[in-house]
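Protein chains in written order, with our numbering: chain A, 1 to 440; chain B, 1 to 441.
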Amino acid sequence: MTTPASAERLPVLLSPGPSGSAAARFGGRFAAAITYVAFGLVNILVFGLHAHGSATFSFTPEFAKVSVPNLTLPAAVTSYVCGAVTLALAVARALDVLGVVRLGQVWRRVTVGAVLFLFIIALLAWADGGQTISFNVVNLLSGTLDDSIPIMLGALTGVICSRSGVINIAIEGQLLLGAFCAAIATSVSGSLWLGVLCGALAGSLVAVILAVFAIAYRVDQVVLGVVLNTLILGLTGYLYNALMTGQYSNTLNNPATFNPVKIPLLGDIPIIGPVFFDSSVFLYITYIVLAGVQFGLARTRWGLRTRAIGEHPEAADTVGIRVIAMRYQNVILAGLIAGIGGAYFTIGSVGSFGIDMSSGEGYIALAAMIFGRYTPFGAIGAALVFGFTTQLQSILSSINVPIQSNLLLLTPYVVTIIVVAGLVGKVRGPRAEGVPFIKS
Amino acid sequence: MTTPPPAAEPSATPPPAAEQDGQDSSGRSFGDNLRRAIQENTLTVIFLALVSATIIGGLLTAFTNTTVLNAWGHFFSSPGNAIGQAWDAAFGTYWALFEGSIINPHTVSALFQQASLATAVHDGFLSAVFNPLSETAVQATPLILTGLAVALPYQAGLFNIGGQSQFIGGAIMAAWLGYAYNMPFFVHVVVCVIGAFVGGAALGWLAGEIKARTGAHEVIVTIMLNYVMLYFLAYVLSSHSLMEAPGGSDSITLPITSNAHLPLLAGTHLRINAGFLIALAAALAVWWLLNRTTTGFEFRSIGANASASRVAGMNVERNWTRVMTIGGGLAGLAAATVILGTDFTLNPQSYGTYGIDAITVALLGLGRPGGVVAAGLLFGALHAGSPGMQVATGTPVQIVQVIQALIVLFVAAPPLVRTIYRVRAARARGVSTTMSKGWNA
């Protein structure tokens, strides 16, 4: 063991720091219950008292074969009920902490989900209450999925890299270069799938640079990722201005885009069909990648080895796993995924490339990965939370709801800080993440 | 790197504990530092990094230029023309950058054609000569300050990516104090600058406090805070009851009252202002803090080895909070120099790219105050020259960002540069960025 982290692993010598004060402990134990109370009060005092009329939710997209009847709810009552149930859950959590009731890990997580769900219902009831237009839930959900595609794929890239022991902050750069290369490749060749391929390769090109500098030259990986992002932001911006505007804009930056593909039968199921099975090809790729990464990490020899080199590379090396080679391989393979996510920006949605098109979604993907506790499904779930907020904001502003869209947009970031700060349970990353392996 | 790094990884300034030649770093003069840097090949590596980035940038300029590409289409019929065109394109770009940031010969010859010095001064010809240098200083000012905001926490082992959020914090305070109050001339600007420091420091403190209390990684916290502040800025500028100028709908504040403007240093024709002096003073203060105070000693010690420092009785968490607070304040000062020195108003884009540029400045400056000033001036010159370059040669301004990132990438990996140029490593010691510290540390 020659890595500097060895010093960090002497817990006996290290005092826990000033966080052990009584107030912090109390706040820590009751943090969840207090947060629930806050949500419940917002449901009642903000949404309930200010809601008027009734809210109509529709569940049918246009041109659907099977239609689902609209659901009309009295706005104020709905908000009150949501608030009351949330407060009841807060009491349950408090009793759990005091030891009166025993909730398992699973049930605790269910309460978190329920509180968030009730909050959204109350919010939507308040927002749509008194409006003439019904609130289309299917559009909200399918928009959420589409918005989240780059974040989901980026987060999966992050999961693989981190579990292999390499910090990948360059996800942002991988998305951006993927978008850029996919736009050019599709514009020149006319082939959408070639665009996807080039986007993927672009993502793994960034990964190659990342891997070489991080693994071979042992550059600090956080610094390296940020610098790579700057480089790619500058490079794509430069090439955009130099090559993609003016006389070349039609030949180099005018790609076709994928049409939505409806999966037969599954796509006709009411509500679920239009949300999950009538969408961009990229969403189906995301399903496959998610299943692959989850299965791979949890059930295969590759996954076991990957987790081993991320947690304890020295031990892995001892049993004959080639740590360095495996890290190279995993980082570069993961780059393909982020590159595809980047391609979604251009040939999956907008078409032409624009400067700084990924607009920080790579960093959000990074946050989603940590939020999701370094697991594939967790990362996807967190990515969906971010996508949902963005989508909710755009829908609410389109129906003129008097809500500060900027404040709505900043909530997921605040939530991420709270999560990372461990107020809702400690997130623990792979132990050797970011520590270069030096074979002795 | 042929040898595995020792347990206490040397950071930018060697930690007192890991001092190899027994020399107390706090007593070292600038000359000693320079000599050491040359011995360790650090300066050679930086110089070669600059050369490499310049060459790659030149190739990029040349081979994305349509004239050059056309000429290379006829390479086999006229190879000389093709190479000549490429050289012209690259050289023209760099020359235009030079003219825009250091000195423009046309303005000099125009000056000497004037009848007398008095008319030259009066008609602004003298100012025109110094305008590029003034612009370089103006552009360098926030880069130096935000660079220090990254460099100082870096000495304590923290990577502050939150320059953007701290800049916004400072900018909101500077703008609010600047337009909403009326105070006497000197007092007002001082209050605004202090307010900006406090605004930035508050954001820095928040990140440091979260790190200290919960152990959350400062990189994630500061990235998230960047977005929080970005939307918060948009929020306060979107409502007339908060900061948006009454009657307008363009999301900017009222103009800063003239009493709160930073005083100009060289006449009304040049934009160089007292902000530049603030930046230099801040660099000096950071140097003094790091090398002449107990607090600075603790910062560097913690940066070198937090566990050892803790065992030695230092309060690591409190120092994390402290260093982030000061760093945030420096980023707030950068905002003051922009809002009170050149922009005189606050808009949703006021934060520019300072947050990212700061990282490149701090890394090129090896995390040392003097290095940050030098790197800030260099990148300031690139920024100052780039608009003129785009007009003159058609090369997009983003080339500056590319060159900047390339320089830092090469500086960050000394072994790569040594391999390319076959420079022998005098001592197997990397620049500060070759720091193998984990995410969970």
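The beta carbon of each residue, even a glycine, is placed where N, CA and C say it ideally should be.
Which of helix, strand or coil DSSP assigns to residue 317 of chain A: helix
Give the DSSP-derived three-state secondary structure of residue 278 of chain A in the structure shown. strand
Find the residues of chain A that neighbour residue 181 of chain B, judging by a C-beta separation of less than 9 Å, and give them in chain order. Ordered by position in chain A, no residue passes the 9 Å Cβ test against residue 181 of chain B, which lies about 26 Å from the chain.
Going along the chain, which residues of its own chain have a beta-carbon closer than 8 Å to the beta-carbon of residue 439 of chain A, five neighbours each way excluded? 317, 323, 324
Taking the straight line between their C-alpha atoms, what separation do you get for residue 336 of chain A and residue 226 of chain A? 19 Å
Any Cβ of chain A within less than 8 Å of the Cβ of residue 214 of chain B? yes
Ends of the beta strand (DSSP E) at residue 57 of chain A? 54-58
Presumed contact (8 Å Cβ cut-off) between residue 396 of chain B and residue 238 of chain A, rounded CB distance: 5 Å
Proximity of residue 210 of chain B and residue 421 of chain A at Cβ, strictly below 8 Å: yes
Against chain B, with Cβ distances strictly below 8 Å, would residue 213 of chain A count as a contact? yes
Taking only beta-carbon positions, decide if residue 374 of chain A is within less than 8 Å of chain C. In summary, chain C is missing from the structure at hand, where the protein chains are A and B.
Is the shortest distance between the beta-carbon of residue 223 of chain A and the beta-carbons of chain B less than 8 Å? yes
Extent of the continuous alpha helix (DSSP H) run through residue 123 of chain A: 105-128
So with CB distances below 8 Å, who are the chain B contacts of residue 360 of chain A? 227
Is there at least one Cβ from chain B nearer than 8 Å to residue 335 of chain A's Cβ? no
Decide if residue 52 of chain B is buried, meaning its Cβ has at least 16 other Cβ atoms within 10 Å, or exposed. buried
Going along the chain, which residues of the stretch 150-169 of chain B sit with their C-beta nearer than 7 Å to a C-beta in chain A? 159, 161
Buried or exposed by the 16-neighbour rule on C-beta atoms within 10 Å, applied to residue 59 of chain B: exposed
Using a Cβ distance threshold of 8 Å, determine whether the stretch 106-124 of chain B contacts the stretch 294-310 of chain B, with at least three qualifying pairs required. no
How big is the Cα-Cα spacing for residue 225 of chain B and residue 104 of chain A? 33 Å
For residue 461 of chain B and residue 159 of chain A, I'd like the C-alpha separation in whole angstroms. No answer is possible for residue 461 of chain B: the residues shown for chain B start at 1 and end at 441.
Checking the sheet assignment: what are the DSSP bridge partners for residue 72 of chain A? A:56
For residue 135 of chain A: DSSP bridge partner residues: A:57
Same chain, Cβ closer than 6 Å to residue 58 of chain A, five either side skipped, listed in chain order: 70, 134, 136
From the DSSP output, which residues share a beta bridge with residue 261 of chain A? A:279
Does the stretch 120-140 of chain B come close enough to the stretch 97-108 of chain B that 3 or more CB-CB pairs lie under 8 Å? yes
Using the Cα positions of residue 141 of chain B and residue 149 of chain B, report the straight-line distance between them to the nearest angstrom. 13 Å
Among A:245, A:95, A:79, A:39, nearest to residue 518 of chain A - alpha-carbon criterion: Shown here, chain A extends from 1 to 440; a query on residue 518 of chain A therefore has no answer.
Whole-angstrom distance between residue 339 of chain A and residue 362 of chain A, CA atom to CA atom: 11 Å
For chain B, find out if any of its Cβ atoms is closer than 8 Å to the Cβ of residue 404 of chain A; answer yes or no. yes
For residue 295 of chain B, I'd like the list of residues in its chain whose CB is within less than 8 Å of its CB, leaving aside the five on either flank, ordered along the chain. 289, 319, 322
DSSP three-state label for residue 264 of chain B, please. strand
Which same chain residues, not among the five before or five after residue 448 of chain B, have their C-beta less than 7 Å away from its C-beta? Only positions 1 to 441 of chain B appear in this structure, which leaves residue 448 of chain B out of reach.
Quick check on DSSP: helix, strand or coil for residue 291 of chain B? helix
With a CB to CB cut of under 7 Å and the five nearest residues on each side skipped, what residues in its chain are close to residue 432 of chain A? 165, 310, 311, 312, 313
May I have the straight-line CA-CA distance separating residue 94 of chain B from residue 69 of chain B, to the nearest angstrom? 19 Å
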